[in-house]
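Peer 1: Note that this note's numbering has the sequence shown beginning at 143, numbered continuously upward.
Positions of the beta carbon are idealized from the N, C-alpha and C atoms, including for glycine.
Owing to the predicted nature of the structure, the values given are computational and were not obtained by experimental measurement.
This is the structure I want to talk about, given as structure tokens.
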Amino acid sequence: MDPSQEALVDRDGRAQVCLNLAKFTRNLVADVPGNQRRAWEIEPDLRRLLHHYTSYYALQEDSSASLARILGQTLCNLVTSNEELSSRLWHSYLEIPEEENVLMRVRCVLAFTGIRLLGCSRQDVALPGTILVLNCLNKHRDRVSELTDRPLGLRICVSLLDQISETFQEEGDNPIFDVGYSIFRTVAESGGTPRLYEKLLVKDEIITPHQTTLLKLLDAYLQSSAGEREAGLHTELTPFLLAAFAALSRYAQNAIREALGLSVGQAYPEVSQVSPQNPTGSPTSSANGKFTGSELVQQPPLKELDLVLPKASEALVLVCQCLITITLAASGGTAYTTQQRATVMEPAQTPEFISNLIETLRLLDLFLPRINFGKPVGGGPASHSTESPGFDYVKRDLVRLLGILCHETRSVQDCVRVSGGIPVVMNMCVVDERNPFLREHAVFCLRNLLHDNPENQAVVNEIQPI
């Protein structure tokens, strides 16, 4: 046997011994505090081995990936249900700085074992890393703040969000998503979501993929049975969600104005008033002077299109859905005190927020073609540019949110009228495949706008088709 073959056999033999010892240790320390304390002294050796077997080249071999998975499970079992050891491990992993001298740089690399696990493309190898983070965070609000505030903690969050985003297109249950969701549920319940969202921001970007994934997880949690009952959490999240809505909607408004060649404050036609016979959008009338609104809709040609707009629209939908869940719970839930209900509803019912919502709806209706049975209605030159799935549901959820906010609230009803929002809502009473149930939500919103409001009813009466 030549020396290279001997080295290969020797390497494989060491790997097999390491695998067997890791399995033995994993089973020995599971939920046995005494054994966990005795085995803690080998934790640095576990990290060294994990660092070696989670390298890019090592993970190209199935045998190394299996060993990395078992070593990760061993590290998890070493601290599971052991408060003292999990605290020591968590703080040691976060306190080693990223940039030190040569010796400390080696220690720093070892401290990145958790990130190396989480960054692995093989989900079976990454799973022990997610479980380790969950076990360390469980019932520890202070550790959540460290996760969202420290640079290494933020890198862990980014790696987790990357892993979770890879599971969205998969069918069936996925343990990576389940454990990752539990981690960010803990972050949400500890009040860390707004801070983490801000930390994930990239300069000169309105939204990042990691922020979008975080919003998806928050939306899923709020719609769960546990999230719906969290009145205290709802009051904490409301300012954050309203601020996110304001930023995303204004970005969308500016992008649409640029695409359509409109300036801020410029008077422009309602989409229902634009037709081949009336390209300027001036109101058309029948013989009795009533606005007909029956002409074919046609979008004006695009001047330029912001490629980030679909992503901003997708994030706006997620923020809307979170606000819908919270405002529905606040308006009808019994778990809310009077003060909590006011804390949620009043900021969302201000004239500034309502007029901003109406303006966003107005521009989106002008910008996006309606889709009926697979064909754009009135699709002009703009139609081919607005087919991104990022625009799905945006009009529907904006109308739905408006319907909740104006329910039995005269100030909001009047604000919608003053902002010219009633014709906008009426224009949503159509079938649109991109916005399922848009018509139903628009009709319900219109009902809430007209209820016990003669002035709004008079506006509708003036808009009569011939």
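1. Return the CA-CA distance between L191 and G333, expressed in angstroms with no decimal places.
2. Does DSSP classify R264 as helix, strand or coil?
3. Let me know if D315 comes out buried or exposed under the rule of 16 or more other beta-carbons within 10 Å of its beta-carbon.
4. Looking only at C-alpha atoms, which of C548, I398, L357 and F326 sits nearest to N280?
5. Have a look at I496 and C557 and give me their C-alpha separation to the nearest angstrom.
6. Report the three-state DSSP secondary structure of I306 (helix, strand or coil).
7. Suppose contacts are defined by Cβ-Cβ distances below 7 Å. Is L383 in contact with L499 by that definition?
8. Can you check which of these residues, V300, D361 and G295, is closest to C262 by C-alpha distance?
9. Provide the residue(s) that pair with R283 in DSSP beta bridges, ordered along the chain.
10. Taking only runs that begin and end inside the stretch 307-339, name each unbroken alpha helix (DSSP H) of 4 or more residues, in chain order.
11. Fully enclosed by the stretch 147-181, which alpha helix (DSSP H) runs are 4 residues long or longer?
12. Measure the C-alpha to C-alpha separation of A454 and S229 and round it to an integer number of angstroms.
13. Under the three-state reduction of DSSP, which class applies to R258: helix, strand or coil?
14. Using the three-state DSSP reduction, which class does R189 fall into: helix, strand or coil?
15. Would you please state the rounded distance, in angstroms, between the beta carbons of T377 and Q482? I believe it to be under 8 Å.
16. Only counting the same chain, and skipping five residues up and downstream in sequence, which positions put a Cβ closer than 7 Å to that of T216?
17. Where does R538 fall in DSSP's three states?
18. Can you tell which of P381, V450 and D534 has its C-alpha closest to the C-alpha of R512?
19. Pick helix, strand or coil for E597, following the three-state DSSP scheme.
20. Along the alpha helix (DSSP H) that carries G214, what are the first and last residues, could you check?
21. Got a sec? Which residues, its chain only, sit under 7 Å from S223 by beta carbon, not counting five neighbours each side?
22. Taking 7 Å as the threshold (C-beta atoms), are F509 and I348 in contact?
23. Do N590 and G545 come within 7 Å of each other at the CB atom, strictly closer than that value?
24. By a C-beta neighbour count over all protein chains shown, 10 Å radius and 16 as the cutoff for buried, is L343 buried or exposed?
25. Are M259 and G214 close, meaning C-beta to C-beta below 7 Å?
26. Which of helix, strand or coil does DSSP assign to R371?
27. Just mark F319 as buried or exposed, buried being the case when its beta carbon has 16 or more other beta carbons within 10 Å.
28. Closest by CA to L359, which one among S391, E372 and S324?
29. Measuring straight from C-alpha to C-alpha, what distance separates A477 and G176?
30. Going by beta-carbon coordinates alone, are N595 and Q555 separated by less than 7 Å?
31. I need the boundaries of the alpha helix (DSSP H) containing E488, first residue and last residue.
32. For the alpha helix (DSSP H) containing H233, list its first residue and its last residue.
33. Work out the CA separation of M570 and L580 for me, nearest whole Å.
34. Take the Cβ of K445 as the centre, count every other Cβ of all protein chains shown within 10 Å, and call the residue buried at 16 or more, exposed below.
35. On a CA-only basis, which of R559, V572, D574 and I468 is nearest Q599? Give me that one, please.
36. Can you give the beta carbon distance from V321 to L276, rounded, assuming they're within the 8 Å contact cut?
Peer 2: If we stick to the structure as given:
1. 36 Å
2. coil
3. exposed
4. F326
5. 7 Å
6. helix
7. no
8. V300
9. In DSSP, R283 forms no bridge with anything.
10. 317-331
11. 175-181
12. 39 Å
13. helix
14. helix
15. 5 Å
16. A164, T167, R168 and L188
17. helix
18. D534
19. helix
20. D204 to V221
21. D173
22. no
23. yes
24. exposed
25. It should be noted that the sequence gives Leu, not Met, for residue 259. A contact, by the Cβ cut-off of 7 Å.
26. coil
27. buried
28. S324
29. 44 Å
30. yes
31. T480 to A490
32. E225 to E237
33. 7 Å
34. exposed
35. R559
36. 6 Å
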